[in-house]
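Let me begin by presenting the structure, written as structure tokens, before commenting on it.
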Ligand code: AMP
Ligand code: ZN
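Numbering (the numbering used here), first residue to last: 602 to 1267.
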């Protein structure tokens, strides 16, 4: 085995050499070596870095490789469509899928290739003359986003392969669990929002602007299929995997051939059980007919191959111990029980609490302290307790009882109608004040930087803040005398608070914490009425004139603005100089100048009207039908025939809502 010192030396030498030639090539346009020689250096360098990641450098020279490739962020039409997979949620569905096929095609022997279904995002790599030309995401299946420079930082994706003909190669890019946890830990330390799971983290990473950042997060890949290819690669799936391996791709070693349903069951059960032992997440098994001729006979549906199916595992469940239950008082006074659990590793994250919803849920579970409970977490959903393992109940365990009084202010709790929720109705309950002030200052509302949970709690404790209005009457000299506060932090706080006075009316309405009024309804109200006074004066008929506002919301808004305490609060805010008028979003940029758009399907974040305002506000044009004049089609759920039509016109770029928002830096 090569001596480690020698390896380090070789890596250093290669790094210097590549840097030197990069410089000649990119800056002087005067290369000294052939492309082939250069690529040989790069391949060796990548290979060594993969094997000896400890010698990777910050700002690794590799990132600078490939700058002559297509720009990241543009879109490319896949040479062959990227399909999705049909799903099966039980083994019975899987069996019947294959039984149907093999009884319709009796001349073929039963042979299915079983692969782990990697939970990442799919990637398309296009090689020609043995060189990676570009990498794209799957996009809408027809066109993908170019991610070449970021992909070049992925250590196990080769820049160069022996195969010389042009070839699309496909696979999944993922983040290993240890790497995912490292990234989240780092984010936690710098107060950034955590990634919900490795898949989101991987997909977020590849879209980063800085390849240097991407390289720090060690993405990896498994390659398993082809797109457009020459007929010499019309080979069986198992042979294809071997071919890919030989070409230098990372191929998942756990694939297996099955010749019977029993073998399928064994493999699926095995990995369902052992998936937690893997260093990466899998969410099922992909089963593919091995024989290429049978694959060809079967062909594709509009969405997926008819010769493959994905068997999805059930969401992971685990047992852990209920250590305690906290009863939390929310902004509205609703009291919610929260289970404190012995930390357990589940579906990519460490789970240490779960929601118990309300008193009915406690009854349903008949939960006792120190119970062994079964928790489930699927995707981004908050962990939930499924059941209690009664066999493991401790003999003298106490039942968890829903308190009859507010755990903070001791006021007797009340039920609202036949809702299962119990409320603390004390208007000056410190917990409610704390939560409503936190809501008022948070990013989505008045956005007062620096006034978070801890400081709010301190201000309440010191008696400086009793209502929302008190935020605008703070005694800054007192705050300066608090431990840990200096001139700088106090002046920053004052600036942030002053700045919030000019927030737009929709933010203020949302910030007030009116029941059933989220950011969307707040915007509707602000836009429709234009001023706080008009909203205050509106009766329920006028409120219900807004099509999205029904009886329930209208009643809540009306009640809020007719409650004497709230009337007084709003009066105070006005006197303190808080903005009460709505400023229409005017033309904010010309980012979309001379570009035309059409929206189809249901969007998630915006109504049709809102997104059209955004387009116009940023200088874009709205067209009413799909034609050659259209530049972008924005699609939501169930897009319909406009999408089909747009797919026929190569110059139209298809975007989802997120892609679009990114275009205008939202
Ligand atoms: P879904 O997104 O749940 O419809 O599943 C389909 C996706 O699974 C494909 O588009 C691939 O990105 C992904 N996938 C993960 N592992 C494999 C595999 N071994 N074979 C095929 N597709 C896979
Ligand atoms: Zn209370």
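Quick reminder that beta carbons are idealized off the backbone N, C-alpha and C, glycines included.
Annotated three-state conformation of residue 622 is helix, per DSSP. Annotation: residue 1169 to residue 751 spans about 55 angstroms, alpha carbon to alpha carbon.
For residue 866, the three-state secondary structure derived from DSSP is helix.
For the pair residue 850 and residue 770, the CB atoms are nearer than the 8 angstroms cut-off.
Nearest neighbour of residue 743 by Cα position, chosen from 732, 901 and 1248, turns out to be 1248. Collapsing the DSSP output to three states places residue 655 in a helix. Uninterrupted alpha helix (DSSP H) stretches at least 4 residues long and entirely within the segment 798-879 occur at 799-807, 812-817, 838-847 and 862-875, given in chain order.
Checking the 7 angstroms criterion, the Cβ of residue 825 is within range of a heavy atom belonging to the ligand AMP. The segment 994-1014 and the segment 892-904 do not touch, with fewer than three beta-carbon pairs separated by less than 8 angstroms. In the same chain as residue 1086, and ignoring 5 residues on each side of it, the C-beta atoms closer than 8 angstroms to its own belong to 1080, in chain order. CA-CA distance, residue 1156 to residue 1119, rounds to 15 angstroms. The beta carbons of residue 918 and residue 1028 sit about 42 angstroms from each other, so the pair does not count as a contact at 8 angstroms.
Taking a C-beta distance under 8 angstroms as the contact criterion, residue 696 and residue 703 do not qualify as a contact pair.
For residue 746, the Cβ stays outside the 7 angstroms cut-off from all heavy atoms of the ligand AMP. Straight-line measurement puts the Cα of residue 781 at about 12 angstroms from the Cα of residue 789. In the assembly as shown, residue 621 is an exposed residue. Its beta-carbon has fewer than 16 other beta-carbons within 10 Å. Our two residues, residue 1191 and residue 1222, have alpha carbons roughly 11 angstroms apart in a direct line. The beta carbons of residue 1076 and residue 1065 sit closer together than 8 angstroms. Within a 10 Å sphere around the beta-carbon of residue 1035 sit 16 or more other beta-carbons, which makes this residue buried. With 6 angstroms as the limit between CB and the heavy atoms of the ligand ZN, the residues that fall short of it are 930, 1007, 1009, 1010, 1012, 1025, 1027, 1030 and 1032. DSSP, read as helix, strand or coil, puts residue 907 in coil.
Residue environment for residue 795: exposed (fewer than 16 other C-beta atoms within 10 angstroms of its C-beta). Annotation: residue 1139 is outside any alpha helix (DSSP H) and is labelled neither H nor E by DSSP.
Between the beta-carbon of residue 1038 and that of residue 1009 there is about 14 angstroms, and that puts the pair past the 8 angstroms contact cut. CA-CA distance, residue 1204 to residue 858, rounds to 42 angstroms. Here residue 925 carries a strand assignment [DSSP, helix/strand/coil].
Our two residues, residue 1095 and residue 1262, have alpha carbons roughly 32 angstroms apart in a direct line.
If you ignore the 5 residues before and after residue 1021, its C-beta comes within less than 7 angstroms of the C-beta of 959, 960 and 961, all in its own chain and listed in chain order. According to the DSSP secondary-structure assignment, residue 912 is paired through a beta bridge with 689 and 886.
One thing to note: residue 735 has its Cβ within 8 angstroms of the Cβ of residue 749. For the segment 1089-1154, the full-length alpha helix (DSSP H) segments reaching 4 residues or more read 1106-1112, 1120-1130, 1133-1138 and 1141-1145 along the chain. For the 8 angstroms CB-CB criterion, residue 916 and residue 887 do not form a contact. Take residue 1013, set aside five residues on each side of it, and the residues of its chain with a beta-carbon closer than 6 angstroms to its own are 1006, in chain order. Using a cutoff of 7 angstroms, the CB of residue 838 does not count as near the ligand AMP, since none of the ligand's heavy atoms is closer than that. Separation of the CB atoms of residue 1225 and residue 1202 is rounded to 15 angstroms, and the pair is thereby denied contact status at 8 angstroms.
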